[in-house]
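Residue numbers (my numbering), protein chains in the order written: chain E, 380 to 696; chain R, 380 to 696.
Right, one structure below, let's go through it.
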């Protein structure tokens, strides 16, 4: 099927067409550009929610329950789940995805897993492209759910309009130390499994950390939930809505979108320039010889850089 | 003190001068380039060991014991510890560092902590620069120790000649799933705390995973250690040496170094080109206006990219 026909069907709300388009924008850069040029006019309406937090925090269950609550209100919801895929594993992650299968059959829900494997460092671009397709397809909410706490996942979550940081009682010091580095990005904090011992202490600790941050324009709320028992989900969704209102009233919504777009344009320009650099340095294996000179101390990396830049008709400064 | 004098003192083996030079190459890009051009001729001798694995695996203790064993053999050893620093935390990490203080006083040991905070995405460049200073300063072994399992840390560890993946019994499924994604990068597997229940099972599991990987030219060894009791450290160091021999005999040592250098040159060229892109797009806030056009659907990101590339006198393809 031509991609124009696919776009037509996707705009009509066909999930299959939507899925096929995402596969194309993930795998075929040239086709991706054609498709994204075409659908740009239909984008910009979806609200993007990022769900992140340490492993074991129950993010999948929380996502599951949020999706159910949102569709009950009449919304169309899409989920992008970021998996640290590997040929060696499967287990618990696969289990989570299977649990979501009942939702996948709902006509107002679209679920997609994306593996970090093979996209190292570049996953955020593919995710952005997939988001645009889902946005054009008319999903009111798009939830990006990460599995771990890696840097590439933090980058992806930054694409979101609202970021929910999921915590749980008693994760231990090591996990807490990882968590700390990404604490700053949360717009809303959810303490999941808050029927467990230590939940109040965890909530208090998070509140204390947030109070210590003096430079926040908006103090993120801390919401206690028990996703497995569907408790506190409505409170969480209310906080998401409050955050959307805050973003729109304060002008931050447009500001965030503008900054993301700027970044995207700069990245696209850089990508083209990178192609030029690679075609120049690969020519007749020129770089291979230069590298031998560097190893033999005849030249240093900066000298080699300046030679190539000279050839590109660009001065280094 | 001028940087030439600092280099002179660093080459004489003064730790203070070495530390000051690292601070400069971390913080002052222009000075960094001058220093690195100057010391390039003295680099290329150190063997770089990366130590990674899930949080709680005891990597700091293992590093500590390896350093002690290596200096006992008459080596000079440097350690770069990558910390997920945050204003919110301190606790266990700080404890580890303090424990290493006795080593820090040894004239043949150099210890440096580097925070991931503030260097997001770009830490590997700073680490590479620090490595070059330590290499020129005559450290025989440079150990890079990571605290977590984030992507940026994986990138850093890839700089290493030999990567030790530290595992422990009973980390639970969630941690195992994170682990899986980075399993492939280990040259040597160390099962730490192997006096604990389940150590044999963990070692067996790792061996099974490794046996499943058919495409490996060299089957990584699995070494059982109890770092806290100094057990198995010599075996581990022997395996490091075996790996060095393997790398040198097979030509992989030179191959890895060449590939890393190529990547470095390409990154340096891209960095200069990025400066040009940013200076063009920032001019008279040109990009701000374009972004508004994108939001209003008058243009799409690709059209804006092509306009800027046209101005840079570059065609997109």
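Think of the CB as a built atom: it goes at the ideal place given N, C-alpha and C, for glycine as much as any other residue.
As the structure is a prediction and not an experimental result, all values here were calculated from the model.
Here's the rule I'm using: 16 or more other beta-carbon atoms within 10 Å means buried, otherwise exposed. How should residue i be labelled?
{"i": "residue 598(R)", "result": "exposed"}
{"i": "residue 544(E)", "result": "buried"}
{"i": "residue 431(R)", "result": "buried"}
{"i": "residue 687(R)", "result": "buried"}
{"i": "residue 489(R)", "result": "buried"}
{"i": "residue 504(E)", "result": "buried"}
{"i": "residue 353(R)", "result": "Past the edges of chain R, shown from 380 to 696, lies residue 353(R), and the structure says nothing about it."}
{"i": "residue 573(E)", "result": "buried"}
{"i": "residue 689(E)", "result": "exposed"}
{"i": "residue 391(R)", "result": "exposed"}
{"i": "residue 387(R)", "result": "exposed"}
{"i": "residue 406(E)", "result": "exposed"}
{"i": "residue 435(E)", "result": "buried"}
{"i": "residue 409(E)", "result": "exposed"}
{"i": "residue 684(R)", "result": "buried"}
{"i": "residue 661(E)", "result": "exposed"}
{"i": "residue 385(E)", "result": "buried"}
Looking at the C-beta of residue i, does it have a partner C-beta in chain R at a distance below 9 Å?
{"i": "residue 679(E)", "result": "yes"}
{"i": "residue 547(E)", "result": "no"}
{"i": "residue 657(E)", "result": "yes"}
{"i": "residue 637(E)", "result": "yes"}
{"i": "residue 580(E)", "result": "no"}
{"i": "residue 420(E)", "result": "yes"}
{"i": "residue 598(E)", "result": "no"}
{"i": "residue 554(E)", "result": "At residue 554(E), the pLDDT of 43 sits below 50, so the modelled position is not reliable and the matter cannot be decided from this model."}
{"i": "residue 500(E)", "result": "Low confidence applies to residue 500(E): its pLDDT is 46, below 50, so where it sits in the model is not reliable enough to give any reading."}
Below 7 Å on C-beta distance, what does residue i contact in chain R?
{"i": "residue 426(E)", "result": "Within chain R, no residue comes near residue 426(E); the closest Cβ sits about 16 Å away, beyond 7 Å."}
What does residue i touch in chain E if you count any residue whose Cβ is under 8 Å from its own?
{"i": "residue 640(R)", "result": "670, 673, 674 and 680"}
{"i": "residue 412(R)", "result": "681"}
{"i": "residue 684(R)", "result": "644, 647, 648 and 651"}
Would you kindly check if the distance between the Cβ of residue j and the Cβ of residue i is under 9 Å?
{"i": "residue 437(E)", "j": "residue 606(E)", "result": "yes"}
{"i": "residue 568(R)", "j": "residue 512(R)", "result": "no"}
{"i": "residue 637(E)", "j": "residue 667(R)", "result": "yes"}
{"i": "residue 461(R)", "j": "residue 525(R)", "result": "yes"}
{"i": "residue 509(R)", "j": "residue 542(R)", "result": "no"}
{"i": "residue 548(R)", "j": "residue 515(R)", "result": "no"}
{"i": "residue 382(R)", "j": "residue 456(R)", "result": "no"}
{"i": "residue 523(E)", "j": "residue 453(E)", "result": "no"}
{"i": "residue 656(R)", "j": "residue 645(E)", "result": "yes"}
{"i": "residue 571(E)", "j": "residue 588(E)", "result": "no"}
{"i": "residue 596(R)", "j": "residue 604(R)", "result": "no"}
{"i": "residue 625(E)", "j": "residue 647(R)", "result": "no"}
{"i": "residue 679(R)", "j": "residue 580(E)", "result": "no"}
{"i": "residue 674(R)", "j": "residue 640(E)", "result": "yes"}
{"i": "residue 600(R)", "j": "residue 621(R)", "result": "yes"}
{"i": "residue 448(R)", "j": "residue 613(R)", "result": "yes"}
{"i": "residue 450(R)", "j": "residue 487(R)", "result": "yes"}
{"i": "residue 623(E)", "j": "residue 540(E)", "result": "yes"}
{"i": "residue 669(E)", "j": "residue 652(R)", "result": "no"}
{"i": "residue 411(E)", "j": "residue 520(E)", "result": "no"}
{"i": "residue 419(R)", "j": "residue 676(E)", "result": "yes"}
Strictly below 7 Å CB to CB, what residues from chain E border residue i?
{"i": "residue 688(R)", "result": "648 and 651"}
{"i": "residue 643(R)", "result": "680"}
List, in chain order, every chain E residue whose beta-carbon is nearer than 9 Å to that of residue i.
{"i": "residue 423(R)", "result": "674 and 676"}
{"i": "residue 395(R)", "result": "Here the premise fails: no neighbours, minimum Cβ distance about 25 Å."}
{"i": "residue 510(R)", "result": "Chain E residues near residue 510(R): none, gap ~13 Å exceeds 9 Å."}
Closest Cβ-Cβ distance between residue i and chain E: below 9 Å?
{"i": "residue 660(R)", "result": "yes"}
{"i": "residue 524(R)", "result": "no"}
{"i": "residue 416(R)", "result": "yes"}
{"i": "residue 666(R)", "result": "yes"}
{"i": "residue 633(R)", "result": "yes"}
{"i": "residue 491(R)", "result": "no"}
May I ask you to check if the CB of residue i is nearer than 8 Å to at least one heavy atom of the ligand ATP?
{"i": "residue 514(R)", "result": "Of the ligands one can find in the structure shown there are none, so the ligand ATP has no counterpart to examine."}
Can a CB atom of chain C be found closer than 9 Å to the CB of residue i?
{"i": "residue 518(R)", "result": "In the structure shown, chain C cannot be found, because the protein chains are E and R."}
Complete runs of the alpha helix (DSSP H) confined to the region 613 to 691 of chain E [at least 4 residues]: Complete alpha helix (DSSP H) runs here, min 4: 631 to 661, 665 to 674 and 680 to 690.
Ordered list of beta strand (DSSP E) runs contained in the region 434 to 468 of chain E, each at least 3 residues: You should have 456 to 462.
Segments assigned beta strand (DSSP E), at least 3 residues, entirely inside the region 581 to 613 of chain E: Inside the region 581 to 613 of chain E, DSSP marks whole beta strand (DSSP E) runs of 3 or more residues at positions 601 to 603, from first to last along the chain.
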